[in-house]
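Trainee: Provided herewith is a single structure, encoded as structure tokens, for subsequent inquiry.
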Amino acid sequence: MSDKTTYPKEFLAYIQSITNKRAKVVIDHILQHGFITTEDLENTYGYNHPPRAARDVREAGIPLETFKVKSSDGKSIAAYKFGSIDNLQINRIKGRVSFSKAFKRDLYELSTGQCAVCNGNFEERYLQIDHKTPYQVGGDLSDHSLDEFMLLCSSCNRAKSRSCEHCDNWESGKKVDICKQCYWGNPITYSHIAMKDIRRIELQWEGKEVNYYDKMQKNAEKKQTELHEFVKQIIKEKMKG
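Here the sequence shown is numbered in this note's numbering, starting from 337 and rising by one per residue.
Quick look at the structure:
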């Protein structure tokens, strides 16, 4: 049942002016049904990453609350409804500012065509412009400076989104300095990952190096252990020596 009549006309005018496709799906569904679930987003609208659709709404300045409901098979899943109207951020109503091709080209040349997280080499079209400090925390920057952005491959961008969306600073703190000290904001020099005491390293084997990778994988299988745990064990033994 819709709770549309409980919203002021001004609020309805703002939210109905949004043109972003994913955000509009969430908004229209909530207006009609009062809330939308991750199950709705996946099964009805075909979004494989439902939090991204909800994030589009928040990035447009529209407050959303997340709560738990039961799915059709009885599992606990997330659902979204409009939050307090007092938290509406009109200055974000049009969403993110788009980037020029020249801006992306400059970032591409600066990064030498590498994803900032996995260091993989990609053609420019396969890399995505990413705010080092998430838009949800720091908003968009009126003066786009190259050192405030980086290029990520789609896989690393999705991984960052999932990690950030489960960080306490994402939902409540919204402190830019915390994001700047996070791995996802600065993969080279950082003190935490989503406010947890975690360190990580991305490794790639290329050319002749692939032989070493294959040997490690076979040895890990013989010891019936995961490859990443096997690599950690090799490092531990080497450091002891």
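Note that beta-carbon positions come from the ideal geometry of N, C-alpha and C, so glycine has one too.
#1: Could you give the C-beta distance for Thr-578 and Pro-386, rounded to a whole number, given that I count them as a contact under 8 angstroms?
#2: For Lys-406 versus Ile-366, is the C-beta spacing smaller than 9 angstroms?
#3: Looking only at its own chain, which residues have a Cβ that is under 8 angstroms from the Cβ of Ser-499, when we skip the five neighbours before and after it?
#4: Classify Val-405 as helix, strand or coil using the three-state DSSP reduction.
#5: Check Met-486 in the structure and name its three-state DSSP category.
#6: Are at least three pairs of beta-carbons, each pair with one atom in the stretch 498-512 and one in the stretch 547-564, less than 8 angstroms apart?
#7: Looking only at C-alpha atoms, which of Asn-455, Gly-543, Glu-573 and Asn-555 sits nearest to Cys-492?
#8: Going by DSSP in three states, Asp-422 sits in which element: helix, strand or coil?
#9: Quick one, are the C-beta atoms of Tyr-526 and Leu-424 less than 9 angstroms apart?
#10: Among the residues of its own chain, which have a CB less than 6 angstroms from the CB of Val-361, if the five just before and after it don't count?
#11: Note down the Cα distance separating Pro-470 from Asn-522, rounded to an integer number of angstroms.
#12: For Lys-516, would you say it is in contact with chain D, using Cβ-to-Cβ distances shorter than 9 angstroms as the test?
#13: Taking C-beta to C-beta, are Ile-354 and Ile-398 nearer than 9 angstroms?
#14: Look up Ile-429 in the DSSP assignment and say whether it is helix, strand or coil.
#15: Go ahead and pull the three-state DSSP assignment for Thr-277.
#16: Counting along the chain, where does the alpha helix (DSSP H) carrying Leu-463 start and finish?
#17: On a Cα-Cα basis, can you pick out the residue from Glu-565, Lys-468, Arg-394 and Arg-461 that is closest to Gln-517?
#18: If you reduce the DSSP assignment to three classes, tell me which class Ser-353 lands in.
#19: Can you give me the start and stop residues for the alpha helix (DSSP H) that Asp-442 sits inside?
#20: Determine the DSSP secondary structure at Ile-570, reduced to helix, strand or coil.
#21: Apart from the five residues just before and just after Ala-556, which ones in its own chain have a Cβ nearer than 6 angstroms to its Cβ?
#22: Taking the straight line between their C-alpha atoms, what separation do you get for Leu-482 and Glu-395?
#23: Please work out which residues of its chain come closer than 8 angstroms, Cβ to Cβ, to Thr-342, disregarding the five sequence neighbours upstream and downstream, and give them in chain order.
#24: Ends of the alpha helix (DSSP H) at Asn-387?
#25: Go ahead and pull the three-state DSSP assignment for Tyr-416.
Mentor: Quick look at the numbers:
#1: Lying before the first or after the last residue shown, residue 578 is absent from the chain, which here runs from 337 to 577.
#2: Residue numbering aside, residue 406 sits at position 70 when the sequence shown is read from its first letter. Residue numbering aside, residue 366 sits at position 30 when the sequence shown is read from its first letter. Against a cut-off of 9 angstroms, the Cβ pair of Ile-366 and Lys-406 comes out as no contact.
#3: The residue labelled residue 499 in the question sits at position 163 within the sequence shown. Sequence-distant Cβ neighbours of Ser-499 in its own chain, meaning closer than 8 angstroms and more than five residues away, are Trp-520, Ile-529 and Ala-530.
#4: Working through the sequence shown from its first residue, we reach residue 405 at position 69. Strand, per DSSP.
#5: Numbered from 1 along the sequence shown, position 150 holds the residue referred to as residue 486. Of the three classes helix, strand and coil, the one that applies to Met-486 here is strand, per DSSP.
#6: no
#7: By one-based count along the sequence shown, residue 492 stands at place 156. Selected option, being the one with the closest Cα: Asn-455.
#8: Translated into positions along the sequence shown, residue 422 becomes position 86. Here Asp-422 sits in helix by DSSP.
#9: Looking up residue 526 in the sequence shown gives position 190. Looking up residue 424 in the sequence shown gives position 88. No.
#10: Counting from 1 along the sequence shown, the entry for residue 361 is found at position 25. For Val-361, same chain residues with a beta-carbon under 6 angstroms away, outside a window of 5 residues either side, are Tyr-381 in chain order.
#11: Translated into the one-based positions of the sequence shown, residue 470 becomes position 134. Translated into the one-based positions of the sequence shown, residue 522 becomes position 186. Taking the straight line joining both Cα atoms gives about 12 angstroms.
#12: Any reference to chain D falls outside this structure, which holds one protein chain only.
#13: Against the sequence shown, residue 354 aligns to sequence position 18. Against the sequence shown, residue 398 aligns to sequence position 62. A contact, by the Cβ cut-off of 9 angstroms.
#14: Indexing the sequence shown from 1 puts residue 429 at position 93. Residue placement at Ile-429 is flagged as unreliable, the pLDDT there being 43, under the threshold of 50; the coordinate-derived value follows with that caveat. Looking at Ile-429 - three-state DSSP - the assignment turns out to be coil, as it is neither helix nor strand.
#15: Past the edges of the chain, shown from 337 to 577, lies residue 277, and the structure says nothing about it.
#16: Translated into positions along the sequence shown, residue 463 becomes position 127. If you look at Leu-463, you'll find it isn't in any alpha helix (DSSP H); it sits in the beta strand (DSSP E) that goes 463-467.
#17: Here residue 517 is taken as the residue at index 181 of the sequence shown, counted from 1. The shortest C-alpha separation from Gln-517 is found at Lys-468.
#18: As a first step, residue 353 is located in the sequence shown; it is residue number 17 there, counting from the start. Here Ser-353 sits in coil by DSSP.
#19: If you number the sequence shown from 1, residue 442 lands on position 106. Its alpha helix (DSSP H) spans residues 437-446.
#20: Here the question's residue 570 lines up with position 234 in the sequence shown. In this structure, DSSP gives Ile-570 a helical state, which the three-state scheme calls helix.
#21: For this step, residue 556 is matched to residue 220 along the sequence shown. Excluding sequence neighbours, Ala-556 sits near Leu-563 and Phe-566.
#22: By 1-based counting over the sequence shown, the position of residue 482 is 146. By 1-based counting over the sequence shown, the position of residue 395 is 59. Roughly 21 angstroms separates the two Cα atoms.
#23: Position 6 of the sequence shown, counted from the start, is the residue given in the question as residue 342. Nothing meets the Cβ criterion.
#24: Here the question's residue 387 lines up with position 51 in the sequence shown. The question names Asn, but residue 387 in the sequence shown is Pro. Start and end: 386-395.
#25: Residue 416 sits at position 80 when you count from the first residue of the sequence shown. Looking at Tyr-416 - three-state DSSP - the assignment turns out to be strand.
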